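Asker:
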Amino acid sequence: MAQEDSTKVFQLEDIYQLVLQNHPVAQQAYLLSENARMNIRMSRGYFDPTVGSDFNNKQFKDTNYYRLWDSYLKVPLWIGELKMGYEKNTGEFLNPESDTNSEKGLAYVGIEIPVLRGLLFDERRAALRKAQAFQAEAEAKQVSTINKLILQIAKDYWNWYFTYHSYRLAEEGFQLARFRYRAVVDQVKQGALAALDTVEAKITIQQREINVQNALVAYQNAGMILSNHLWDEDGNEVEMSNALVPVSVPISELPTSSLEELLLLARQAHPDLRVLDAKYQQLDYERKLNAEMLKPKLTFKYNFLNRTPISSNNYDADFFVENYKAGVSFYIPLFLRKERGKLGMTKVKMSQVQLDQLNLRRTITTNIGQQYNVVENHFRVMGMQSDMVSNYRRLLSGEEQRFQAGESSVFYVNVREGKLLEAETKLFKIRADLAKSLAELRWASGLGVE
346 MAQEDSTKVF QLEDIYQLVL QNHPVAQQAY LLSENARMNI RMSRGYFDPT VGSDFNNKQF
406 KDTNYYRLWD SYLKVPLWIG ELKMGYEKNT GEFLNPESDT NSEKGLAYVG IEIPVLRGLL
466 FDERRAALRK AQAFQAEAEA KQVSTINKLI LQIAKDYWNW YFTYHSYRLA EEGFQLARFR
526 YRAVVDQVKQ GALAALDTVE AKITIQQREI NVQNALVAYQ NAGMILSNHL WDEDGNEVEM
586 SNALVPVSVP ISELPTSSLE ELLLLARQAH PDLRVLDAKY QQLDYERKLN AEMLKPKLTF
646 KYNFLNRTPI SSNNYDADFF VENYKAGVSF YIPLFLRKER GKLGMTKVKM SQVQLDQLNL
706 RRTITTNIGQ QYNVVENHFR VMGMQSDMVS NYRRLLSGEE QRFQAGESSV FYVNVREGKL
766 LEAETKLFKI RADLAKSLAE LRWASGLGVE
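Mapped onto my numbering, the consecutive letters of the sequence shown carry residue numbers 346 to 795.
1) For a quick check, are the C-beta atoms of Thr711 and Ile458 less than 9 Å apart?
2) What number of angstroms, rounded off, separates the C-alpha of Ile677 from the C-alpha of Lys640?
3) Taking 8 Å as the threshold, find out whether the stretch 721-728 comes into contact with the stretch 774-785 through three or more Cβ pairs.
4) Write down the C-beta distance between Val620 and Lys486 rounded to the nearest angstrom, noting that I regard them as a contact closer than 8 Å.
5) Does the beta-carbon distance from Leu766 to Gly518 come in below 9 Å?
6) According to the neighbour-count rule (16 or more other Cβ atoms, all chains shown, within 10 Å of its Cβ), is Val434 buried or exposed?
7) If you draw a straight line from the C-alpha of Glu484 to the C-alpha of Met638, how long is it?
8) Identify whether Ser586 lies in helix, strand or coil by the three-state DSSP scheme.
9) Using 10 angstroms around the beta-carbon of Val396, count the other beta-carbons present and answer buried if the total reaches 16, otherwise exposed.
10) What span of residues does the beta strand (DSSP E) with Leu521 cover, start to end?
11) Please report the straight-line C-alpha distance between Phe756 and Gln551, rounded to a whole angstrom.
12) Based on the DSSP output, what are the partners of Trp576 in its beta bridges?
13) Across which residues does DSSP place Ile456 in a beta bridge pair?
14) Assuming Pro369 is part of the alpha helix (DSSP H), what are its boundary residues?
15) Looking at the strands, I want to know which residues DSSP matches up with Ala671.
16) Only counting the same chain, and skipping five residues up and downstream in sequence, which positions put a Cβ closer than 8 Å to that of Phe355?
17) When the Cα of Lys449 is compared with those of Val758, Asn651, Val734, which residue comes out closest?
18) In chain order, what residues of the same chain lie with their CB nearer than 7 Å to the CB of Gly568, ignoring the 5 residues before and after it?
19) For Ala537 and Phe773, I'd like the C-alpha separation in whole angstroms.
20) Please classify Trp788: is it buried, with 16 or more other beta-carbons within 10 angstroms of its beta-carbon, or exposed?
21) Counting Cβ pairs closer than 8 Å, one from the stretch 460-479 and one from the stretch 387-402, do we hit at least three?
22) Here's the rule: buried if 16 or more other CB atoms are within 10 angstroms of the residue's CB, otherwise exposed. What is Arg382?
23) Run the CB neighbour count on Phe675, radius 10 Å, all protein chains shown included, and call it buried at 16 or more, exposed below.
24) Are the stretch 693-704 and the stretch 628-635 touching by the rule of at least three beta carbon pairs closer than 8 Å?
25) Considering Cα atoms alone, identify which of Asp542, Ala522, Phe400 is closest to Ser443.
26) Taking C-beta to C-beta, are Ala623 and Asn556 nearer than 9 Å?
27) Assign Tyr375 to one of two classes, buried (16 or more other C-beta atoms within 10 Å of its C-beta) or exposed (fewer than that).
28) Does the beta-carbon distance from Leu618 to Gly791 come in below 9 Å?
29) Check this for me: beta carbons of Arg525 and Ala546, under 9 Å apart or not?
30) Residue range of the beta strand (DSSP E) that Pro421 falls in?
31) Let me know if Tyr410 comes out buried or exposed under the rule of 16 or more other beta-carbons within 10 Å of its beta-carbon.
32) Compute the beta-carbon to beta-carbon distance between Glu394 and Leu418, rounded to the nearest angstrom, for a pair I have assumed lies under 8 Å.
33) If I'm right that Val734 touches Glu769 with Cβ under 8 Å, what's the distance once you round it to whole angstroms?
34) Starting from Asp399, trace the beta strand (DSSP E) in both directions and tell me its first and last residue.
35) Please report the straight-line C-alpha distance between Ser572 and Val594, rounded to a whole angstrom.
36) Quick one: give me the first and last residue of the alpha helix (DSSP H) that Lys640 is part of.
Below, the structure written as structure tokens:
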């Protein structure tokens, strides 16, 4: 065990800082948000302009049947699509509808607009909205993952805290037993005590030495478990120094938040509830898209045409009605079984998520109530145990005075001292349990690091 003047208190907040920066699980949690951002970027790709060119040529012997060339730019809009380009078609057997009537070709600018299906919602908008909802889900999962990690670290830290102070008490008891044994031996030599008292004192030393060894192993193992959470910036494992020790007294008062405040915070911002809310939102966008698919597909297309660059000198008010290509397309399945099936399946999934939300809200409320009761009970018991320790100290002090006066024996002094050490060890255990229960209360409420 390191000397007191060479030790340094290792605060739980220091561990949190290291873990949130370097722990692999924390890094994985941060990647959830990055993945969601990439998903949004991918969905925005549905609105990316595209450039294309089509060329077809047929030559047989000395005859050029046709040569078709169409270069274009497509710009997806929030509703519909804008298309502009240049078309030049020649050949002796050219289809009349493809004839551009000029060696210079035709320039065109047009738009394609859905009138029924796709007017209010379509696949592009659904993909973007679902990606945005998925980002909210990923961020909530990130918080949930980190909160679980923080909870486990808090439990391991307070277990390390208990084993450290338990070892210190065991070592203190062992040193007291050795001191008392030497005093008893001196008194036996002087004839003040019987030789049998040295046997009693020796047995106490042996018992407490065993306690020290067991407490030391428990403390070392707890430190190793806590070290599992420590990593450096390069992803290398970090071993905790033996000079690091936990705090002395972790908790002195109850949390200021009431049970009602914690329940309200959980209902508003619990990450697990936010995950389900985001999933429901994604399904709602899917439902909206599936409902849109029940409508007939009616599309209006219009391109205005021109052989030369457009300027104020070469077109008038009738330009757009004399130089254009327009069309309307209509499509609808007769039974809409696929569309109605998809819509029905989405509604079923939404109902399942709603039931999950109801169940999770009830579970969270119950967990918060239980943990709040545990915290209050630990706090009350800690006060009673502290009073008990004070009373055991009085008993030990009185027994030592009686022993000095020759009215007691080594056995009774050792019993009183053993009871005091047990009570002090239990007090540290209760303090550790209180700190753990507070961490579990924050986790149950969906809260992270304070």
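Even for Gly, the Cβ is constructed at its ideal location relative to N, Cα and C.
Fair warning: this is a prediction, and the values are worked out from it, not measured in the lab.
Answerer: Looking at the atomic coordinates:
1) Within the sequence shown, residue 711 is the residue found at index 366, counting from 1. Within the sequence shown, residue 458 is the residue found at index 113, counting from 1. Cβ distance not < 9 Å, so Thr711 and Ile458 don't count as in contact.
2) The sequence position of residue 677 within the sequence shown is 332, counting from 1. The sequence position of residue 640 within the sequence shown is 295, counting from 1. Distance between the alpha carbons of Ile677 and Lys640 is about 8 Å.
3) yes
4) In the sequence shown, the residue the question calls residue 620 occupies position 275. In the sequence shown, the residue the question calls residue 486 occupies position 141. 6 Å between Cβ atoms; contact.
5) Taking the sequence shown and counting its residues from 1, one reaches residue 766 at position 421. Taking the sequence shown and counting its residues from 1, one reaches residue 518 at position 173. It is a contact, given that the beta carbons lie within the stated cut-off.
6) The residue you call residue 434 lines up with position 89 of the sequence shown. Here the sequence assigns Asn to residue 434, which means Val is not the residue at that position. Result: buried.
7) One-based indexing of the sequence shown puts residue 484 at position 139. One-based indexing of the sequence shown puts residue 638 at position 293. Those two C-alpha atoms are separated by around 31 Å.
8) As a position in the sequence shown, residue 586 is number 241, starting the count at 1. In the structure shown, Ser586 sits in coil (DSSP, three-state: anything other than H, G, I, E or B).
9) By one-based count along the sequence shown, residue 396 stands at place 51. Exposed: under 16 other Cβ atoms inside 10 Å.
10) Counted from its first residue, the sequence shown places residue 521 at position 176. Careful: Leu521 lies outside any beta strand (DSSP E), inside the alpha helix (DSSP H) at 468-535.
11) Residue 756 sits at position 411 when you count from the first residue of the sequence shown. Residue 551 sits at position 206 when you count from the first residue of the sequence shown. Between Phe756 and Gln551, the C-alpha separation is close to 14 Å.
12) To locate residue 576, count along the sequence shown from 1; it is residue 231. According to DSSP, Trp576 bridges with Glu582.
13) For the purposes of this step, residue 456 is taken as residue 111 along the sequence shown, with counting starting at 1. Partner(s): Leu427, Tyr647.
14) As a working mapping, residue 369 is identified with position 24 in the sequence shown. Segment 369-389, the alpha helix (DSSP H) holding Pro369.
15) The residue given as residue 671 occupies position 326 in the sequence shown. Looking at the DSSP assignment, Ala671 forms a beta bridge with Tyr647.
16) Here residue 355 refers to the residue found at position 10 of the sequence shown. So the list reads Met585, Leu589, Val590, Pro591, once near-sequence residues are dropped.
17) What you label residue 449 is simply residue 104 of the sequence shown in a count that begins at 1. Closest option to Lys449, Cα to Cα, is Asn651.
18) The count along the sequence shown starts at 1 and reaches residue 568 at position 223. Once the five neighbours on either side are set aside, the close Cβ partners of Gly568 are Trp505, Met585.
19) Working through the sequence shown from its first residue, we reach residue 537 at position 192. Working through the sequence shown from its first residue, we reach residue 773 at position 428. Approximately 38 Å, taken between the alpha carbons.
20) If you number the sequence shown from 1, residue 788 lands on position 443. Looking at its Cβ environment, which holds 16 or more other Cβ atoms inside 10 Å, Trp788 is buried.
21) yes
22) Locating residue 382 in the sequence shown gives position 37, where the first residue counts as 1. With fewer than 16 other Cβ atoms within 10 Å, it is exposed.
23) Translated into the one-based positions of the sequence shown, residue 675 becomes position 330. It is exposed - the Cβ of Phe675 has fewer than 16 other Cβ atoms within 10 Å.
24) yes
25) The residue given as residue 443 occupies position 98 in the sequence shown. Ranking Asp542, Ala522, Phe400 by Cα distance to Ser443 puts Phe400 first.
26) The residue given as residue 623 occupies position 278 in the sequence shown. The residue given as residue 556 occupies position 211 in the sequence shown. It is not a contact, given that the beta carbons lie outside the stated cut-off.
27) Here residue 375 corresponds to residue number 30 of the sequence shown, with the count starting at 1. Classification of Tyr375: exposed, given that the 10 Å Cβ count is below 16.
28) Residue numbering aside, residue 618 sits at position 273 when the sequence shown is read from its first letter. Residue numbering aside, residue 791 sits at position 446 when the sequence shown is read from its first letter. Yes.
29) Looking up residue 525 in the sequence shown gives position 180. Looking up residue 546 in the sequence shown gives position 201. Yes, the Cβ-Cβ distance between Arg525 and Ala546 is below 9 Å.
30) Mapped onto the sequence shown, residue 421 falls at position 76. 408-421 is the extent of the beta strand (DSSP E) around Pro421.
31) Reading the sequence shown from its first residue, position 65 is the one you call residue 410. Exposed, by the Cβ-count rule.
32) Here residue 394 corresponds to residue number 49 of the sequence shown, with the count starting at 1. Here residue 418 corresponds to residue number 73 of the sequence shown, with the count starting at 1. Per the sequence presented here, residue 394 reads as Pro, with Glu not at that position. Indeed, because the Cβ distance is near 6 Å, the residues count as touching under 8 Å.
33) For the purposes of this step, residue 734 is identified with residue 389 of the sequence shown, where counting begins at 1. For the purposes of this step, residue 769 is identified with residue 424 of the sequence shown, where counting begins at 1. Sure, about 6 Å apart at Cβ, within 8 Å.
34) Mapped onto the sequence shown, residue 399 falls at position 54. 395-405 is the extent of the beta strand (DSSP E) around Asp399.
35) Residue 572 sits at position 227 when you count from the first residue of the sequence shown. Residue 594 sits at position 249 when you count from the first residue of the sequence shown. Near 21 Å, if we compare the C-alpha coordinates of Val594 and Ser572.
36) If you number the sequence shown from 1, residue 640 lands on position 295. Taken as a continuous stretch (DSSP letters only), Lys640 belongs to no alpha helix (DSSP H), as it is neither H nor E.
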